[in-house]
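Here's the structure we're looking at; comments come further down.
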DNA sequence: CGTGTAAGGAATTCTGACACG
DNA sequence: CGTGTAAGGAATTCTGACACG
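Chains as they are written, first to last, in full-length UniProt numbering: chain S, 1 to 85; chain Z, 1 to 85.
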């Protein structure tokens with residue numbers, strides 16, 4: 001129950017992940033994470049979201065882009081580079 | 001790690017416990033719970049705090065007062081009523 | 001004692017945009 | 001594309017007090 005509960009504000013997530021609010025919101029815009037919202041519109045994240053964000057952070061540093069991370073949530077293999085003879 | 005992490009704002013705790021902000025802050029004032037604080041002074045609670053609050057809620061309904069709940073965090077036996085002959 | 005409430009301010013978060021590249 | 005930032009507003013939270021009992 002606890003790890004999936006959407007209970008954290010973005011500020012706490014920043015502290016836990018080391019990411020900026022800007023990045024976290026951007027990854028949401030790119031459909032990589034899906035926080036809940038309060039009635040007032042504030043985002044609420046779970047510990048699972050925090051873990052996913054740390055994964056994303058790692059992959060981004062390795063050179064992946066947001067589209068690649070969305071397409072293959074688990075197996076992050078670089079797409080085959082098109083061959084131009 | 002997760003259950004002790006102080007990550008929730010008081011609003012979330014209200015939703016999870018069904019308690020009012022007033023009650024939650026009052027139980028803190030009575031030394032029953034000890035949330036963290038952000039630099040700005042906002043309270044941050046853990047899932048353990050939420051559980052403790054639900055325990056407190058239960059005990060309060062059973063007629064205990066805040067002093068009794070502070071003195072015996074586990075065994076909630078009513079103190080012996082003084083005998084006045 | 002335990003809790004509700006109105007009051008005013010402060011911390012936190014939100015969106016949309018401009019910027020750079 | 002991915003991210004920083006300043007801007008203005010809105011949601012959230014804080015404290016101290018008055019009230020009732």
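Where a beta carbon is used, it is the ideal one built from N, C-alpha and C, also for glycine.
**Beta-carbon neighbours of residue 3(S), restricted to chain Z and to distances below 8 Å** = Here residue 3(S) refers to the residue found at position 3 when the first chain is read from its first residue. Within chain Z, the residues near residue 3(S) are 2.
Between the segment 37 to 52 of chain Z and the segment 44 to 61 of chain S, do three or more beta carbon pairs fall short of 8 Å?
no
Which residues in chain S have a C-beta closer than 7 Å to the C-beta of residue 47(Z)? List them in chain order. Numbered from its first residue, the second chain carries residue 47(Z) at position 47. The answer, in chain order, is 2.
*Verify the CB distance criterion: does residue 11(Z) have a CB-CB separation below 9 Å to chain S?*
Counting from 1 along the second chain, the entry for residue 11(Z) is found at position 11. Chain S contact via Cβ: present.
Tell me, please, whether the CB atom of residue 43(S) is closer than 9 Å to any CB atom in chain Z? Position 43 of the first chain, counted from the first residue, corresponds to residue 43(S). Residue 43(S) does not count as touching chain Z.
Problem - Residue closest to residue 25(Z), alpha-carbon to alpha-carbon, out of 56(Z), 71(Z), 62(Z), 5(Z) - result: Here the question's residue 25(Z) lines up with position 25 in the second chain. Of 56(Z), 71(Z), 62(Z), 5(Z), the residue nearest in Cα terms is 56(Z).
Check: Does residue 8(S) have its Cβ less than 9 Å from a Cβ in chain Z?
Finding: As a first step, residue 8(S) is located in the first chain; it is residue number 8 there, counting from the start. Nearest CB-CB separation between residue 8(S) and chain Z: below the 9 Å threshold.
Determine, using beta carbons only, whether residue 19(Z) comes closer than 9 Å to chain S.
As a working note, residue 19(Z) is residue 19 in the second chain. Not an interface residue.
* To do: Tell me whether residue 16(S) sits in a helix, a strand or coil according to DSSP, three-state version.
  => Indexing the first chain from 1 puts residue 16(S) at position 16. If DSSP states are grouped into helix, strand and coil, residue 16(S) belongs with the helices.
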